[in-house]
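These notes are about the structure you will find just below.
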Amino acid sequence: MAIDEEVVLVPLGEEYPSLVREQLGGEEEELHSSASLSENGYAWLVVGKQLYIWKYENSENESNSLTVLTLPQSGLPFTTRSICVYMSPGATLPGVIAVSPEGTIRHWETVGRQPVDTSIELEREVVHSLEAFPDMNGDESLFLLSTTTFSFFCIQLLKNSVPTPGKKQRFHKGLVVQPFHTKKAKSFTRRVTYALLGDSTDHSSRLIRAFILNDQHESTDFDTSIGDAFSEVSVVAVTAKHLKRYSSNPPEHNWSCNVSKMIVNAFSSALWNTSGSRERKALRLNIRTSLVDAVRIGNGILILASAINDAVSTHLHFGLVYFELSPGDEEPRTYDWFSILNFPTDEVYRESDIVPMTTILPRKMSVGSDFNSNCDDLYCYIFLRERGICRIRLFPRGFDVSAINDVLSVNKCGFHTVPKSIENDARTLRKAFTYFCQAELDKAKEILSELIQLRCTSVGTLCMDYALTIADDIPDDERWYSSGRLTRGRSIILGQSFLVNYEVEQKVKILSMFVLFIRHMELDSGVGLIRFTFGIVTLSALSSKRSTRSQVCELLEKLSLGLDLSNYAIKNSVPVFDAAVERVLAKRKEDISKDQLTSYDYFFRKMSCVDEIFYALLDELESLMKECRTLVDRMECIEQTESLIVVCIDGIESCRDETILSTEADLRWTQEDKVLLTLQRHLDIVFDALRKGLNEGISNNRLVRNAVVLASFILGEQSPEERLGSKIIKSFFDLNEVGIGEDLAKQFEDFQTLIELTDSLAEKDRKARIAEYKRNFDSPAFYHALYQHYLKKKQLGNMLDETGDHAEEFFNTHENINWIRKIKLNEYMEVAGRILMDVAQKKDNDVSIKEYLLSFAKIAALCADEADNNFLLKVDSHLDLMKHQNALPSEHQGKKVLSPEEIVDTNLRNADGRLEDYFRALMVIRTLSCQLGPDTEQKNLLKKKIWSSVLKHESKLWNKVMGVDDPSFKSSKFYQLVHRLVENDELSDEEKLDLFPVIEDLTTEVVPNVHLPLIMKKVESDFRCEVTRWRISKNQLAASSEAIYSSFYH
């Protein structure tokens, strides 16, 4: 995930030389100055006719020496635009070429030598600027001289050269000048006007910068003549409003592009948000843009632009805009990149400030995804009168260049809770963070990458320890030193409790930079190690069950609320807060000395525990309420206390809105029970006071507002499931604050409460309100809450009226009503019957309901266009099981649906030798055969169980049977039960044979009689033959009946 970035000004650290500071300290109205610098490390300032040159970046062996040169005489003011400082190969000091507005050239081969003056006949034109040709080298130097009227001349500095024969050139003591493109002024009176304002007929035509673009080759061979060197180049001129292009072959003006008009939308979107209402759009009409400076980068132009919105303020804003220039004569249609240039917040610029401020931008830096702050020799610079020379850097948004001194101070502290085994790693982390704050991002990344590779699992612990050190560090304050506390050093700031705000602000600044460091290093590392580390649980003084990411965010939020709370408490005298602070300090049992320090100093020092104020305020409030005699007094006391809680909540929420580190889905500190229940108790006290006030006719709007803030925060910390049917929201309805209740229900998606409110409306209004909610809350959660409400309120008609994907999904998971819907849609057998069958099979808790559902399934199947006989047989078999259960004695039936095994067992227990009970048990086997098939393990086991029970019940009889010829066995229940099966007309022959016992299963283990297997074998054989004879006799009877009928008919 890419981190947001912004352009930041970073002071170089070196002040201006004293003489330069003296010149810049004059009155602004009298000061006519401009400044610039070069890539060779030199800066120069023009004040009047004096040129000040010094080296702004010195090595250890170099000094910041200043050279003052006198410029040629001129009746017009000089600017640095017409001055170039260059370095010749092998030279230790720079050379300087300066051109006066009238065309006098003064050249210093080095700043230590005497200058040589020459002049150029400009024919009433005025010099605007002098630009060095890109990539100039060797002993020859090429420059482009521009005039305010857009005439361009090429100048070549030569040590030993003569003019090229046949070329139109001016040769003056080592200078060769050749016109490139000329546009002459019409009169001398306009000459001064051009010098000051450009073309007086159009202020936007004022020339700002002109430079050379090579149309054909990446570099130019400077061994050729000056005419050849400039034959394949063009000039791009930047005015206050436009980009213009001029070609050399043939000499002509190619195109003009209105840049200031293009960038209006970019400034308006970034600064004033002029989209939306008509009034906001009207603000765009008051935006004025102008181009300040420009430089060539690659194949394009990087421009420093300004904007001002007269309808908002007189403040001037700056931005960088990049244009890619296509080869040839094609005009750019839009810009390729734009970024707002953020100045320090304590500095404000207006239109008049542009004049003494000149910038130079690097020629070779790239933009877009490659535009970064990692190349030291490719920085942009800007001169500020008070702050000196500043680099323009691209940093993560929120980077504070002034934090380094505070960070170095914190690093002197010891470690908070880090184990000694990883103290070296902790020092490495601090070192990486220090480099980050010093704007050495590459070094910081390199150090941290090595640490992650070696100690990935402990990075979270290290970061947590450092964050706690920042939050709980003893302030760098003289008063703490005097009180005997170990501090990092003595502060030059002395005073009392007003320092609390400053100290908390410093902690906020340092911790914010540390969080920025964490996020930026995660982005650049290219691995997920830090993300992984910050997502796992880290044991610390804050928590043992939350992630590092959550705990770092907790400290940020506590510092934010602490800062807001300190500001509020110091500006407003709140006795309840002072008492609560004393409660906190008493519980901490700190060694407190109040000679120079206050209770606030001690309380706000340990910012990781600032949440203790929640609990202390609750205890103090409950104590004070006992002393209040009237409801009005109690309300006033509650209002003061809860106002402090609201301040804390505002601090937390403002921090969450601005921080770049999110807890994501991790548990937050404000979601833990201790915090959330305490805030809930605060809110309950407010609600209780408001209810009593409602009964007594006493209102308190401020207390209602506090309740809204508290309720909103608590609801935001709850899960979506906890917010459904929220008691907090319903409390506002109890207080007749219906509007507030509805707004909270909509904001926090308490769908249950919103839907319940519609029940009191007329049917037409109810449907309209539900339709409105469906448009506003088109989410599965809303539809689920709506359908559950219909089921709970038994509003089946409303439920069946629902259509769409959400309804279809809900019905598919609620089969007990889905079958009704399918019948309504005339989907009988295809859907309704099968749904009813599935529902019936799951209804094992009520036999009557299951029987009804099976009956409905059969009816639905019969209503189909084509009945499914297999399905009907399956339904009938389930109904038969219900009949078997209903046939049991009433004391054994019960409401619960019995399984086939339970029905059989009940029949066998009640049999007591009764043939009818055994037969009913066998009929259950018959039903199972219809469901499961003729040969299944469950059916065979139950059949064996039944026949075994029959034999065991008459064990005495079977012990007396002496053999197959003994007729006494025919009086047994076994024999009678088999005989009844044979004679039963309702059973088919296949069913009879299927219900016959399996002799191999009924061994002598059931009844200890050695003759039993042979007897049973004979009984089974006889009855199988009888079944066969019965089948033949029935067939013969049918054939005889048909013959009689046939003969009678004939």
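So for the sequence shown, the working numbering puts the first residue at 6; every next one is plus one.
Yeah, the Cβ is synthetic: ideal placement off N, Cα and C, and Gly gets one too.
Values in this document were obtained by computation on a predicted structure and should not be read as measured data.
DSSP places A621 in the helix class (H, G or I) of the three-state scheme. Membership of Q161 in the beta strand (DSSP E) is indicated by the continuous run F157 to L162. Annotated three-state conformation of R250 is strand, per DSSP. V12: member of the beta strand (DSSP E) spanning E10 to P16, first to last residue.
Across the set I703, A472 and D624, the C-alpha of A472 shows the shortest separation from the C-alpha of T553.
Within the same chain, Cβ atoms closer than 7 Å to the Cβ of F400 are found at E10, E11, V13 and S378, the five residues on either side in sequence being excluded.
The segment 544-564 makes contact with the segment 653-672, as at least three CB pairs between them are under 8 Å. By the neighbour-count criterion, in which 16 or more other beta carbons inside 10 Å mark a residue as buried, R484 falls on the buried side.
Shown here, F83 sits in coil according to DSSP, grouped into three states, outside any helix or strand.
Residue state for P77 is assigned as coil, using DSSP reduced to three classes. Under DSSP, S239 shares a beta bridge with L218 and S252. Bridge pairing for Y21: absent [DSSP].
At the C-beta level, F692 and L649 stay beyond 7 Å of one another. Rounded to whole angstroms, the Cβ separation of I734 and T758 is 5 Å, and the two are in contact under 8 Å. Secondary structure of D678 (DSSP, three-state): helix. Just measuring C-alpha positions, the residue of K592, V90 and L413 sitting nearest C614 is K592. With a minimum length of 3 residues, the unbroken runs of beta strand (DSSP E) contained wholly in the segment 92-123 fall at 100-104 and 109-113.
Pairing V15 with V406 gives a Cβ-Cβ distance under 7 Å.
Boundaries of the beta strand (DSSP E) harbouring T152: S146 to T152, taken from the DSSP string. R435 has its alpha-carbon roughly 26 Å from the corresponding atom of K550.
In the DSSP assignment, F272 falls within the unbroken alpha helix (DSSP H) covering V269 to F272. In the DSSP annotation of this structure, the continuous segment of the alpha helix (DSSP H) that includes I643 starts and ends at L636 to E663. Between the beta-carbon of G108 and that of I125 there is about 4 Å, and that keeps the pair under the 8 Å contact cut. For L1000, the enclosing alpha helix (DSSP H) stretches over residues D994 to L1000. The DSSP assignment places complete alpha helix (DSSP H) segments of no fewer than 4 residues inside the segment 551-617 at 553-576, 580-593 and 604-610, in order along the chain.
For the pair L135 and C89, the CB atoms are nearer than the 7 Å cut-off. Distance check between A215 and each of N270, I306 and E257 places I306 closest, using alpha-carbon atoms only. Proximity of the segment 569-579 to the segment 674-694 falls short of the contact definition, fewer than three beta-carbon pairs being nearer than 8 Å. Counting only the Cα atoms, L163 lies some 22 Å from H186. Within its own chain, the residues whose Cβ lies closer than 7 Å to the Cβ of I643, once the five positions on either side in sequence are excluded, are L626, I690, V691, A694 and L708, listed in chain order. Residue burial is scored here from C-beta neighbours: S724 has fewer than 16 other C-beta atoms within 10 angstroms and is therefore classed as exposed.
For the pair D764 and L622, the Cα-to-Cα distance works out to about 41 Å. Proximity of the segment 72-92 to the segment 52-64 meets the contact definition, three or more beta-carbon pairs being nearer than 8 Å. Between K855 and V902, the C-beta gap is smaller than 7 Å, which places the two residues in contact. Here L218 is actually not in contact with V243; their C-beta atoms are around 12 Å apart, not less than 8 Å.
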